[in-house]
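Protein sequences, first through last, are from chains A and B. Remember, the working numbering sits 134 above the position in the first sequence when you count from 1. Remember, the working numbering sits 365 above the position in the second sequence when you count from 1.
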Amino acid sequence: MSVAIEPITGRYMQVDIHGRPHRLYWEEAGSGIPLLCLHTAGSDGRQYRALMNDPAVTDRFRVIAFDMPWHGKSSPPEGWQDEEYLLTTDGYVDLIMSVSRALELDRPVVMGCSIGGRVVLELAWRHAAHFRAAIGLQSSAFVQRYFDLAYLHKPHIHGGEVCAAYCYGLVGPGAPARHRWETLWHYMQGGPGVFKGDLHFYSIDGDVSKSLAEIDTARCPLYLLTGEYDYSCTPEATRATAAHIPGAEVTIMEGLGHFPMSEDPEKFRGYLAPVLDRIAS
Amino acid sequence: MIEHLQELVNGNPALVHRGRWTNADMLLEVGDRGHVVAIRQGRIEAVRPVEMNVSKWHFAIRASTEAWAEFWQPMPKPRHHDLIALIREGKMRFEGDLDLLMANLLYLKLVLEAPRKLEGTA
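Shown next as C-alpha cells:
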C-alpha cells in the first residue's frame, strides 16, 4: 500500500468576531512569511490546496486559508437559524482582521479571490500597516448584478446544483477537467443561501470605489491578477480599478477564469511566482 | 449544429444520467430559426423546427446566429463561452419557466456545449 500524506494541517479556533463567538476551521502549510488566503463566494479554503502543496511556495511562505463562517468546515454562529446570511464590507473586514490577530500573524501578505479580491482593496486602504502586501485575484471595485440571485436559494431548486451551474462557465474552458470539477464540487457542498449571501457583498454592499485613490501602495504593495475568461470580474474591470490606484500592478492571466488557484493551479503558479518572489525579496 | 444535438446527447450516458429527472420542451432560437427540443428523462426525444410561427415550450433560450457560432467554437472567445456570459453581454435571452430552466442549468449547459466536439463544422 502506498500513501501520500500532504503537508497540510487543519485545526479549529474559537474566536470572537464583532463580539460574537465563532468556531472557525483553517488549514495551513509551510513556514516563513504569512500568506493569508481568502476563498471565493460560496466556496471554502480547499481552493488553495495546490498552493499549500507547492514546496516552491511553502519553503518561504506560511500559507493559511480559513473557511469563512457558514462555509466549509466553519460553523455559522449560534442563532443562525433565525437569520438571513448577508456578507457586508464591514463584517468581512472584521472577520479577516479577527482571524489574522487571533493567529498573531506578523505583517502577513493577504491574497483573496473574487469577493476576496475585492476585500483586499479595502484591507489595503484601512489596514495598510497590518499587511506586507495585498494580492487581488479577479479583483474589481464593484460588479453590478447581471442575473437574478434569487435562483441561488429557492427550496424547489437544488442549491448545490444551481450554484455549480452558475459557476461552471466562470471556469476557463481550457481548465483541466479534474480541477474544474473539484472547484465545482466545493460549490455543490455550500450551505443553502450562503453563496447568495456572499454575493450581497459582491454586487450590493461592497462598492469600494471611493477608497481606491487613497490606497498607499508604497506602504502596502498591491498586485492584481485576473483571468481573461472571467466574465464576472473582467480584465477590463480590473484595469479600470487599477487605474484609480497609483502603483497597483495588473497582470492578465491567459486562459484562466474566475478561480485561478483552483481551476488550473499549474498555470496559475506561473503568474503568481514572480509576485511572491518580489514580496519575498 | 442543432441537427447533431440528439445524437450527441443520447450517445453520452453520463449526460443522460445527469438529466434523468429533466423533462422539458426547450425552444432553442438561433437567429430567426427556432427548434423545440423535447427532453425526456435526460434524453432528447425529438428536435422539431418551429413551423408557421406557432410553438409551445416550457422555456426558451434565444441568441443570434453569430453568438451561437462563437459559443460552439471548440475554444470560444472570452465572454462567449457560457450561457450566462452571453446573458451578461446582452447576446442571449432566457424566457418562460425560469425555475425549471435554472433547476436544470448544469445539465442544459452541458447539452448546449455538446456541439463543440464537432470541430470545424461551425
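Quick reminder that beta carbons are idealized off the backbone N, C-alpha and C, glycines included. Just so we're clear, the structure is a prediction, and the values are computed from it rather than from any experiment.
Can you tell me which of A/Leu170, A/Leu158 and A/Tyr146 puts its alpha carbon nearest to the alpha carbon of A/Val254? Taking the first residue of the first sequence as 1, we reach residue 254 of chain A at position 120. Selected option, being the one with the closest Cα: A/Leu170.
With which residues is B/Asp390 paired in a DSSP beta bridge? For the purposes of this step, residue 390 of chain B is taken as residue 25 along the second sequence, with counting starting at 1. In DSSP, B/Asp390 forms a bridge with B/Ala403.
Exercise for review: On a CA-only basis, which of A/Asp364, A/Ser274 and A/Arg235 is nearest A/Met147? Give me that one, please.
Suggested key: Position 13 of the first sequence, counted from the start, is the residue given in the question as residue 147 of chain A. For A/Met147, the nearest C-alpha among the options comes from A/Arg235.
Checklist entry - What are the residues that DSSP puts in a beta bridge with A/Pro155? => result By 1-based counting over the first sequence, the position of residue 155 of chain A is 21. Answer is A/Asp150, bridged to A/Pro155.
- Message: Considering just the uninterrupted stretch of the beta strand (DSSP E) at A/Cys171, what are its terminal residues?
- Response: Taking the first sequence and counting its residues from 1, the one referred to as residue 171 of chain A is at position 37. Taken as a continuous stretch (DSSP letters only), the beta strand (DSSP E) holding A/Cys171 covers Ile167 to Leu172.
*So what does B/Gly461 bridge to, in DSSP terms?*
Sequence index remark: in the second sequence, residue 461 of chain B carries index 96 (1-based). The partner list for B/Gly461 (beta bridge, DSSP) reads B/Phe424.
* **Helix, strand or coil at A/Cys297 [DSSP, three-state]** => One-based indexing of the first sequence puts residue 297 of chain A at position 163. A/Cys297 falls in the helix class under three-state DSSP.
* To do: Compute the beta-carbon to beta-carbon distance between A/Thr351 and A/Ile386, rounded to the nearest angstrom, for a pair I have assumed lies under 8 Å.
  => Against the first sequence, residue 351 of chain A aligns to sequence position 217. Against the first sequence, residue 386 of chain A aligns to sequence position 252. Contact doesn't hold; Cβ gap of about 19 Å is too wide.
- Just tell me which of A/Leu239, A/Val296, A/Trp204 and A/Tyr302 has its CA closest to the CA of A/Leu158. The residue given as residue 158 of chain A occupies position 24 in the first sequence. Selected option, being the one with the closest Cα: A/Trp204.
Chain A partners of B/Arg453, CB-CB under 7 Å?
One-based indexing of the second sequence puts residue 453 of chain B at position 88. Per Cβ cutoff of 7 Å: Tyr280 and Tyr365.
Beta-carbon of A/Glu218 versus every beta-carbon of chain B: anything under 8 Å? For the purposes of this step, residue 218 of chain A is taken as the residue at position 84 of the first sequence. Judged by the 8 Å Cβ criterion, A/Glu218 is not in contact with chain B.
- Looking at C-alpha atoms only, which residue of A/Asp364, A/Gly179, A/Asp411 and A/Trp319 is the closest neighbour of A/Gln272? As a first step, residue 272 of chain A is located in the first sequence; it is residue number 138 there, counting from the start. Cα-wise, what sits closest to A/Gln272 is A/Asp364.
message = Using beta carbons (cut-off 8 Å, strictly below), is A/Gly149 in contact with chain B?
response = Here residue 149 of chain A is taken as the residue at index 15 of the first sequence, counted from 1. Just to set this straight, residue 149 of chain A is Val in the shown sequence, not Gly. No, no contact with chain B.
Do you know how far the Cα of B/Met417 is from the Cα of B/Leu393? Residue mapping note: residue 393 of chain B aligns to position 28 of the second sequence, counting from 1. Residue mapping note: residue 417 of chain B aligns to position 52 of the second sequence, counting from 1. Using only the alpha carbons, I get a separation of about 16 Å.
Selected residue, minimal CA-CA separation from B/Leu471, among B/Gly376, B/Thr387 and B/Leu373
Along the second sequence, read from residue 1 onward, the residue named residue 471 of chain B stands at position 106. If we check each option's Cα against that of B/Leu471, B/Thr387 comes out closest.
Practice item. Can you tell me which of the three DSSP states A/Tyr321 falls into? Key: Along the first sequence, read from residue 1 onward, the residue named residue 321 of chain A stands at position 187. Here A/Tyr321 sits in helix by DSSP.
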